Each structure stands twice: as structure tokens, then as C-alpha cells.
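Its first residue numbered 40, the sequence shown is counted upward by one per residue in our numbering. Only one structure is covered here, and it is reproduced in the block below.
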Amino acid sequence: MTYSTNEMMTVAAARRLKNGSVCFVGIGLPSKAANLARLTSSPDVVLIYESGPIGAKPSVLPLSIGDGELAETADTVVPTGEIFRYWLQGGRIDVGFLGAAQVDRFGNINTTVVGDYHQPKVRLPGAGGAPEIAGSAKSVLIILKQSARSFVDKLDFITSVGHGEGGDSRQRLGLPGAGPVGIITDLCIMEPEAGTHEFVVTALHPGVTREQVIAATGWAIRFAEQVEQTAAPTEIELVALRDLEARTAAAHGQAPGEA
């Protein structure tokens, strides 16, 4: 089956979510990847959303954390304060799955503003629970489309801390957990280099060249000694993803592919 670069990104991200793990899910691309994982490789993953649903199993992708589909399909729903204090800060979240508007070489995220904070060129959706997720989850996965505008040498604003300034910066900040362990894009997969915690390319998606990745990155991106090729999406993965998107589009009155 043929597939798009966006489908490759979603499938590659879904594969990173281990079966049985407890995942704190962001809305948008993270939610699509996490729910694809639940429908394919990780049926026993526990999806938690900021509004309080635990064990959510939506049949369509939620429009927001307040979407009733999440509560209606969850094993239980608890107050938002309990989600953060007991589950997240209590060390019970295995993976935080986040999106971003901008990311830097150390996995720090900006979802606040583009440009000067007081006179921004673009005001973004903001932080939500992402700073707490990035700071307290045992590990973090980041998913976003890759371009020189989104993969920047210096963030306009640090909304959520990844590995800070690199090296042992995260430990010096007193943040628990491993921080970001993977950035999955429509071109490649990046992982933090041991010691420096700078993200380097460890896998290229089929048909993608190093030159494409370099052109779509705002810093001097480096490549691991051994760069693998991401396995192409299987028919099972593509059918599950497309069915999920079709159900979502029908439910929300969207055109196919907008989900």
C-alpha cells in the first residue's frame, strides 16, 4: 500500500509506545499516534488525558481534552488535580506524548509565541499541561512535522524543558525522569546522544535523504554512526489509521485527512 509522509510519521510514533505503558497524551498528533498504538501494537496501553480520563479508548480522535468521547470511553475519570499530583508528579506516568510548534537540539519545546514575547509574530496555543508532563514523566516522546521553522537553533520561548542546555542540565534543574527520548517527524527519528543529550538522527524514513533532513533543520543536525531505515507502514497499521481518521472526520464534519 502507498502511504503519505504524515502516515509514516504517525505509524513510526505509534510504534514507540510500549504495550502496557501508562501514557499521558497531548491533543493532536500525539493523540492520533497514541490511539493508533492502542489499536495495533499496544492494545493494553493506558491512555490518560489532562481533563481526568484514565484508560480512555475513544473510537474517534478528541477535539480537545474536554471532548466527551474521552470520559465516556475511559475506565474511570478523576479530578484534573489528581491527574497531575497523584499520577504525574507521583511518578506513575511512563510516557508523556507531546507535540510542539518549535523544538531545539536538546528537545526543549515552544508552544507559546513566535518572536518577541511582548510583541510576538504569532501567539501559539500555550502551555496547557505540557511543562508538567515534560518535567515529571518518566520519559517523553515528541511528534511534529519537520521544517527549519519548527526545528530551530534557539527557541523564541521555552515552554517545556527537555534536556535544557544539554549534558547534565536536566539533572541540575532537579527534574526527574529521562526527559525526551525520541523526536518523530515526517522525515526521520531523532534520539538524544549519550552524554550531550543533543538530538541526532538515528533513523531515516523510506525514501528520505540526509540532505532533506539537513535542509529541514535550523541547526547543524548530526547523524548517528549507524542510521537505520524506518520500516514502512504495514497494511494493518495503515488500515487502522485510515479507519480512525475516517471515523473522526465523519464525527466532526471534517474532510478526510483533517483528523
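Where a beta carbon is used, it is the ideal one built from N, C-alpha and C, also for glycine. Quantities reported herein were computed from a predicted structural model and do not represent experimental measurements.
Rounded to whole angstroms, the separation of the alpha carbons of residue 234 and residue 204 is 12 Å. Residue state for residue 221 is assigned as strand, using DSSP reduced to three classes.
When only Cα atoms are considered, residue 104 and residue 61 end up about 17 Å apart.
It is roughly 11 Å from the alpha-carbon of residue 198 to the alpha-carbon of residue 164. Beyond the five residues adjoining it in sequence on each side, residue 102 comes within less than 7 Å, by CB distance, of 291 in the same chain, given in chain order. Inclusion of residue 228 and residue 244 in the CB contact set at 9 Å is warranted, their separation being smaller than that value. The segment 103-186 contains, as complete alpha helix (DSSP H) runs of 4+ residues, the segments 107-112 and 169-175 (chain order). In the DSSP assignment, residue 267 falls within the unbroken beta strand (DSSP E) covering 262-268. As far as DSSP is concerned, residue 48 takes part in no beta bridge. If only complete runs of 3 or more residues are kept, the segment 53-110 shows the beta strand (DSSP E) at 61-64 and 85-87, in order along the chain. Residue 242 is bridged by DSSP to 228 and 267. Rounded to whole angstroms, the separation of the alpha carbons of residue 74 and residue 111 is 15 Å. For residue 155, the closest C-alpha among the options 224, 139, 193 and 119 is that of 193. Comparing alpha-carbon positions, the option among 216, 268 and 263 lying closest to residue 128 turns out to be 216. For residue 286, the enclosing alpha helix (DSSP H) has its first and last residue at 274-291. Within the same chain, and ignoring the five residues on either side of residue 241 in sequence, the residues whose Cβ sits closer than 6 Å to its Cβ are 228, 230 and 263.
With 16 or more other Cβ atoms from the protein chains shown falling within 10 Å of its own Cβ, residue 272 counts as buried. Residue 175 has its alpha-carbon roughly 22 Å from the corresponding atom of residue 54.
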